[in-house]
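A.B. asks: This structure is in structure tokens; I'll ask about it shortly.
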Amino acid sequence: MKAEEIAWVVAGLFSLAALLISVHLIRQHHVHFTRPVAQSKIVGILWMVPIYAVSSWLGLRFKDAAPTLNMMRDCYEGYALYLFLALMVAYLGGGDERRVVALLETRKPMKTTFPMSLLFGKELPQGEQFLRWAKLGTLQYSVIKPSCAMMALVLSLMGRFKEGDFDPRKGWVWLTIIINASVAVAFYSLVAFYVMLKEPLAPFKPVPKFLCIKAVLFLSFWQGVVVAGLARLHLIHAIGGWSKENVETGIQDLLICTEMAIVATAHTIAFPVGPYVGGAARHSGHILEDHFAHHCAVRDFNEVMPVLLPSR
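In the numbering used here, the protein residues as written are 1253 to 1564.
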């Protein structure tokens, strides 16, 4: 059996494990869908593992389609990060953001630290403005990350993009800087929201949930940078019918498939169904809403869209 075939089989086993664990947990949440305002966000976050695992496994099997599959995966990454903020808001407000605003108005303004002070000034806004700022901070990543992924695909077709190519005349280094800055702002927004409302959020144990999401984003991005660096140092070579670039992408896809099985297991601890058992399930009847909380996302995006995508 060839090395690439072994990698595909191994990745498939880990992906299958991740898929089975995640789908079972998602099903359990829907069986006990007693708090849909919060659980729709939880289920949306849980779907990140199957999306990552399946797209990475398919990328190993269909190596020429890997860049497109990775772009689709990247599009969901930003959305999952936003869903975590929406989940914290749902925990505190139960569907009524005025409760969250009322809590925020009792807090003192948060001081910023360098380098975020260069972007946001010495203090963050208060009350409703702080909530809008946090939404903007997370939603901008859900726009910038897929935009950069699409730009990378276009530049790659033009011969102007290559993973690990630090040539400033090419696109990789600049897109990496943009993505790093964007995700830093997104994480800062989430951490600031948590710190501001740490006490009322404590019963919902948000830290393990945050760490699960951060692990996926951190591993998927930085291991890609490391693999690209190894290729740059000529430590990665073509294998069989796979080019050097195919091997780079394949290594990352194999790692992601393996990691998703671990993350899926961690999700059963971070997002247990136990607190929701008891009472009648209350489904909305809309698949997108029950699985991905799209109504909330559309509303929040429309709220901050004039800042993200100004018309003038």
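From the three backbone atoms N, C-alpha and C, an ideal C-beta is built for every residue, glycine too.
Under a three-way DSSP split, which group does residue 1488 fall into?
C.D. replies: Here residue 1488 corresponds to residue number 236 of the sequence shown, with the count starting at 1. Correct three-state label for residue 1488: coil.
A.B. asks: Identify, in the order they occur along the chain, each residue of the same chain with its Cβ nearer than 6 angstroms to the Cβ of residue 1518, setting aside the five sequence neighbours on each side.
C.D. replies: Reading the sequence shown from its first residue, position 266 is the one you call residue 1518. Cβ contact annotation for residue 1518 (same chain, cutoff 6 angstroms, sequence separation greater than five): 1464, in chain order.
A.B. asks: Let's see if you can read the secondary structure: which residues bound the alpha helix (DSSP H) around residue 1317?
C.D. replies: Taking the first residue of the sequence shown as 1, we reach residue 1317 at position 65. Element bounds for residue 1317: n/a, residue is neither H nor E.
A.B. asks: Can you check whether the CB of residue 1542 is closer than 8 angstroms to the CB of residue 1292?
C.D. replies: If you number the sequence shown from 1, residue 1292 lands on position 40. If you number the sequence shown from 1, residue 1542 lands on position 290. Yes; because the gap between Cβ atoms is below 8 angstroms, this pair is in contact.
A.B. asks: Taking Cβ positions only, does residue 1463 come closer than 8 angstroms to chain C?
C.D. replies: Chain labels in this structure do not include chain C; a single protein chain is all it has.
A.B. asks: Taking C-beta to C-beta, are residue 1509 and residue 1263 nearer than 8 angstroms?
C.D. replies: For the purposes of this step, residue 1509 is taken as residue 257 along the sequence shown, with counting starting at 1. For the purposes of this step, residue 1263 is taken as residue 11 along the sequence shown, with counting starting at 1. Closer than 8 angstroms, so yes.
A.B. asks: Taking the C-alpha atoms as reference points, what is the distance between residue 1341 and residue 1459?
C.D. replies: Taking the sequence shown and counting its residues from 1, the one referred to as residue 1341 is at position 89. Taking the sequence shown and counting its residues from 1, the one referred to as residue 1459 is at position 207. About 15 angstroms.
A.B. asks: With three or more beta-carbon pairs closer than 8 angstroms as the criterion, would you say the segment 1282-1289 touches the segment 1527-1535?
C.D. replies: yes
A.B. asks: Is the CB-CB distance between residue 1397 and residue 1326 below 8 angstroms?
C.D. replies: Working through the sequence shown from its first residue, we reach residue 1397 at position 145. Working through the sequence shown from its first residue, we reach residue 1326 at position 74. Between residue 1397 and residue 1326, the C-beta spacing is below 8 angstroms.
A.B. asks: Considering only their Cβ atoms, is the gap separating residue 1310 from residue 1553 smaller than 8 angstroms?
C.D. replies: Working through the sequence shown from its first residue, we reach residue 1553 at position 301. Working through the sequence shown from its first residue, we reach residue 1310 at position 58. Contact: no.
A.B. asks: At what residue ranges does the segment 1406-1492 contain a whole run of the alpha helix (DSSP H), taking only runs of 4 or more?
C.D. replies: 1424-1448, 1450-1453, 1458-1484
A.B. asks: Leaving out five residues before and five after residue 1481 in sequence, what residues of the same chain have Cβ atoms less than 7 angstroms from its Cβ?
C.D. replies: Here residue 1481 is taken as the residue at index 229 of the sequence shown, counted from 1. Within the same chain, residue 1481 has close Cβ partners 1416.
A.B. asks: Here's the rule: buried if 16 or more other CB atoms are within 10 angstroms of the residue's CB, otherwise exposed. What is residue 1493?
C.D. replies: As a working mapping, residue 1493 is identified with position 241 in the sequence shown. Residue 1493 is exposed by the Cβ-count criterion.
A.B. asks: If we count the other Cβ atoms within 10 Å of its Cβ and call it buried at 16 or more, is residue 1267 buried or exposed?
C.D. replies: Your numbering for residue 1267 matches position 15 in the sequence shown. Residue 1267 comes out buried.
A.B. asks: Counting pairs of beta carbons, one from the segment 1294-1303 and one from the segment 1498-1507, are three or more of them closer than 8 angstroms?
C.D. replies: No: the two stretches stay apart, fewer than three of their Cβ pairs being nearer than 8 angstroms.
A.B. asks: Quick check on the DSSP output: the alpha helix (DSSP H) that includes residue 1270 runs from which residue to which?
C.D. replies: The sequence position of residue 1270 within the sequence shown is 18, counting from 1. For residue 1270, the uninterrupted alpha helix (DSSP H) segment begins and ends at 1255-1283.
A.B. asks: Spatial neighbours of residue 1630 within its chain, please: C-beta separation below 6 angstroms, excluding the five flanking residues on both sides.
C.D. replies: Within the shown structure, residues of the chain are numbered from 1253 to 1564, placing residue 1630 beyond reach of any answer.
A.B. asks: Figure out for me which residue from 1375, 1504, 1516 has the closest Cα to the Cα of residue 1473.
C.D. replies: Indexing the sequence shown from 1 puts residue 1473 at position 221. It is 1504.
A.B. asks: So, at 6 angstroms on beta carbons, what are the nonlocal neighbours of residue 1378 in its own chain, with the 5 sequence-adjacent residues on each side left out?
C.D. replies: As a working note, residue 1378 is residue 126 in the sequence shown. Result list for residue 1378: 1361, in chain order.
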